[in-house]
Amino acid sequence: MFGPIIIAGSDRLYELGNQVAGHFWLLDNLIALTLHNNLVKAALLGGCFMAAWFARRHQPEAVRVRGVLIVTLIASGFVVATTRVVSSHMLHPRPFVYSQETYHLDGDSLVESKHLPYRVPLDSASQKKYRQVSGGELAANDLDAFPSDHAALYTTITAGIVLASPVIGRVALAWTILVVLAGRIITGQHSPLDITAGVAIGLSIFTACQAVLGTWLRRIVDALAQWTFRHEALATAIMFVALFEISNTLQDLSSLIDAGSAIARYFQVG
Amino acid sequence: MMTCTRSLLLVSCVLVLAGCGVDDNGMILVVDHSYVPAVTVTTNDGITTPDGILWWRGKLIMADEGGCALRVWNHGHDVVTLCDRSLGILEPEDLVVDGEGNLFFTDDTAGGLWEVDRNGRAFVVAGRSKGLFSTEGIALAPSGDILVGDGVRHEVFSVTRTGKVSLFLDAKRGITKPESMVYGENGNLYIADNHDDVLYRLTPAKKLERVLEKREGFSPETIWFANHVLYITDSKHGKLSRYTPEDGLETMVAFAGKLHDVCGVTTDDQGQLYVSIQDNESDRGYVVKIGHDAAKDVVPLASQHH
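Taken in order, these protein sequences are the chains called U and S.
Here this note's numbering = 1-based position in the first sequence + 60.
Here this note's numbering = 1-based position in the second sequence + 306.
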């Protein structure tokens with residue numbers, strides 16, 4: 061019942077957001093950096109996370125903060141898995157694909173899809189991508205835009221930072237909303253519905269994990285946090301690896317798992 | 307905290323349900339805007355998952371790979387089965403019809419060259435015992451013999467109507483999987499190899515040329531020649547392309563989702579294109595017409611809200 065209204069509202073908001081693109085070369089290139097450059101996209105959030113990790117030195121407040129951040133990292137794993145499962149079961153292209161002439165299956169009939177106007181950003185990556193799509197070259201990740209995995213993951217991390225340290229959290233929140241998420245709508249990577257669904261999934265899993273691990277399993281989380289104080293160097297190294305991988309939306313992890321299972325098969329079968 | 311969690315879970319559910327409304331299932335992106343796609347035949351009409359298709363005298367003949375049968379669709383009539391697994395066929399692959407209306411087809415699992423003659427009698431012309439282990443592409447040679455590609459032996463054979471098999475192109479020529487074959491202009495035979503992702507051209511002097519190779523996003527599944535154009539389907543990348551020596555390779559239509567695996571291609575008397583599509587996850591098949599006058603079969607955007 062509300063579906064068509066929500067989708068229509070999302071499309072309208074996308075059109076408004078996309079109006080920003082395609083006017084200024086400098087602005088479009090800066091926004092493109094937030095899409096394609098991990099240093100710009102994720103390093104600031106990673107920095108905020110580390111700052112929050114080390115912000116409190118005195119127990120028990122420091123243990124509480126580290127507990128929150130540990131649970132945040134665990135939640136982010138569930139978030140990425142959830143968004144990938146949902147998006148792999150849905151065919152929902154990125155908004156810029158709908159700027160082309162497309163048809164979709166409705167039962168056994170082909171129905172002309174809605175046409176969304178698209179202002180092409182002036183950066184070279186967006187221009188190249190648009191030429192490819194116009195020529196019928198569709199990449200696999202152009203077709204599974206719902207929900208936005210970036211929105212879900214970065215919202216989860218940001219929520220953790222806010223809960224651990226409200227002051228540092230404000231910086232992370234502003235960066236996530238104004239730079240990471242808005243950039244994706246402006247450039248036609250995602251519709252507001254994709255982003256909102258990603259944010260909702262991220263926050264749901266985050267609060268569920270905080271509720272479960274932060275209350276019922278609190279003793280385990282506290283013990284883990286205490287361990288990080290006793291083994292500060294090792295804990296910092298592990299945190300670095302985790303944040304490094306999160307900045308890449310856990311994409312290296314899945315290929316690592318694939319390689320691991322291939323090696324296991326090699327030793328089993330020969 | 308629990309109230310907040312419940313509220314967020316509720317919002318997530320509403321948004322994901324709203325997202326179900328944006329699930330396109332299968333999608334077609336039309337690059338050449340002079341064409342309009344429309345679904346012509348589906349599993350509901352009595353087919354399973356068709357591979358090779360051939361338009362012949364107003365009818366569409368389909369090698370129904372998933373249904374282990376050869377079927378004929380005639381507009382306005384039920385789909386008719388010409389032969390099925392009771393004959394010994396397993397996964398019919400590609401087909402040709404000669405000038406007298408005799409139908410020949412390959413089977414990549416059962417192997418062999420099979421025939422349904424103009425009287426409807428189905429039989430094997432040359433089977434596995436004659437070395438045809440996994441037959442793929444098929445073409446009608448100017449001599450009247452049938453050329454058959456074998457994916458296991460990496461060779462192309464010539465088969466007479468009486469079932470005599472002789473080597474036409476040996477494995478040393480380098481074709482790994484002769485998936486599809488068709489004659490073009492000037493007696494040139496085009497051969498698609500979807501293992502090495504190469505399109506070959508065999509001249510009448512039997513010189514084998516690599517026309518298209520080492521191209522990103524190119525793997526020829528089925529090739530079809532009509533109106534001076536070579537049409538190429540690509541099931542790996544979900545594309546229908548056209549090739550001419552003058553213009554090169556151009557994508558006409560891209561396929562995605564349940565419609566990604568585009569297999570066979572043929573043209574009718576008016577030059578309209580038909581492609582077969584396999585949705586093996588759901589065990590469903592489609593034949594989609596990509597024509598200039600297909601608009602009448604498409605639900606227009608304006609009427610979707612009624």
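Here a beta-carbon is modelled for each residue, glycine too, at the ideal position from N, C-alpha and C.
What you are looking at is a predicted structure, and each value in this text was computed from that prediction instead of being measured.
Sheet register partners of residue i (DSSP bridge)
| i | result |
| --- | --- |
| D166/U | S169/U |
| R548/S | Y537/S, E556/S |
| Y506/S | I497/S, R516/S |
| V581/S | V571/S, V594/S |
| M333/S | H164/U, A562/S |
| G455/S | V462/S |
| A445/S | L453/S |
| L360/S | I367/S |
| L419/S | T412/S, A432/S |
Delimiting residues of the alpha helix (DSSP H) encompassing residue i
| i | result |
| --- | --- |
| A200/U | Taken as a continuous stretch (DSSP letters only), A200/U belongs to no alpha helix (DSSP H), as it is neither H nor E. |
| P252/U | 252-271 |
| Q187/U | 184-194 |
| G137/U | 121-148 |
| I221/U | 209-224 |
| I91/U | 85-96 |
| V431/S | Looking at the DSSP string, V431/S is not in any alpha helix (DSSP H); the run it does join, the beta strand (DSSP E), is 428-432. |
Where residue i meets chain U, residues with beta-carbon distance less than 9 angstroms
| i | result |
| --- | --- |
| N586/S | Per Cβ cutoff of 9 angstroms: no residues; N586/S is ~16 angstroms from chain U at best. |
| T557/S | G195, G196, E197 |
| V337/S | Q160, E161, S194, G195, G196 |
Endpoints, the beta strand (DSSP E) within which residue i is located
| i | result |
| --- | --- |
| I538/S | 535-540 |
| S486/S | 484-489 |
| F474/S | 471-475 |
| A344/S | 342-348 |
| E399/S | 398-403 |
| D413/S | 409-413 |
| R377/S | 375-379 |
| W530/S | 528-532 |
Test item: CB-CB of residue i and residue j under 9 angstroms
| i | j | result |
| --- | --- | --- |
| P207/U | A135/U | no |
| L453/S | S464/S | yes |
| V139/U | I298/U | no |
| E371/S | T355/S | yes |
| M333/S | G563/S | yes |
| L95/U | R325/U | no |
| L335/S | E161/U | yes |
| F411/S | G373/S | no |
| I221/U | T132/U | yes |
| H534/S | E587/S | no |
| K217/U | F109/U | With the sequence shown as reference, residue 217/U is identified as Ile, and Lys is not the correct amino acid for it. The answer is yes: Cβ separation under 9 angstroms. |
| T40/U | V145/U | Because chain U here runs from 61 to 330, residue 40/U falls outside it and cannot be looked at. |
| E421/S | L409/S | yes |
| D553/S | D567/S | no |
| G450/S | A498/S | no |
| A205/U | P252/U | no |
| A185/U | A92/U | yes |
| A428/S | D400/S | no |
| G455/S | T441/S | yes |
| D88/U | A81/U | yes |
| F289/U | Q119/U | yes |
| A50/U | S315/U | Here chain U comprises residues numbered 61 to 330, so residue 50/U is not present and cannot be evaluated. |
Exposed unless 16 or more other CB atoms sit within 10 angstroms - verdict on residue i
| i | result |
| --- | --- |
| P181/U | buried |
| Q576/S | exposed |
| F266/U | buried |
| H164/U | buried |
| I596/S | buried |
| Y178/U | buried |
| K470/S | exposed |
| I323/U | exposed |
| A608/S | Legend: pLDDT at A608/S = 40, less than 50; position of this residue unreliable, value from coordinates given subsequently. Per the 10 Å Cβ criterion, exposed. |
| V329/U | exposed |
| L303/U | buried |
| N78/U | buried |
Under 8 angstroms by beta carbon: chain S residues contacting residue i
| i | result |
| --- | --- |
| G77/U | Simply none; closest approach about 17 angstroms. |
| L151/U | D329, D330, N331, G332, M333, A562, G563, K564 |
| H83/U | Under the 8 angstroms cutoff, chain S gives no residues; its nearest Cβ is about 27 angstroms from H83/U. |
| L203/U | M333, A562, G563 |
Cross-chain neighbours of residue i in chain U, by beta carbon under 7 angstroms
| i | result |
| --- | --- |
| T528/S | Neighbours of T528/S on chain U: none; closest Cβ ~17 angstroms, over 7 angstroms. |
| G523/S | E197 |
| K545/S | G196 |
Chain S residues whose Cβ lies nearer than 7 angstroms to that of residue i
| i | result |
| --- | --- |
| D168/U | V345, T348, N350 |
| H164/U | D330, N331, G332, M333 |
The ligand SAM heavy atom lying under 8 angstroms from the CB of residue i
| i | result |
| --- | --- |
| A81/U | The model on display carries no ligand, and the ligand SAM is accordingly not part of it. |
Within-9 angstroms CB hit, residue i to chain A
| i | result |
| --- | --- |
| Y592/S | In the structure shown, chain A cannot be found, because the protein chains are U and S. |
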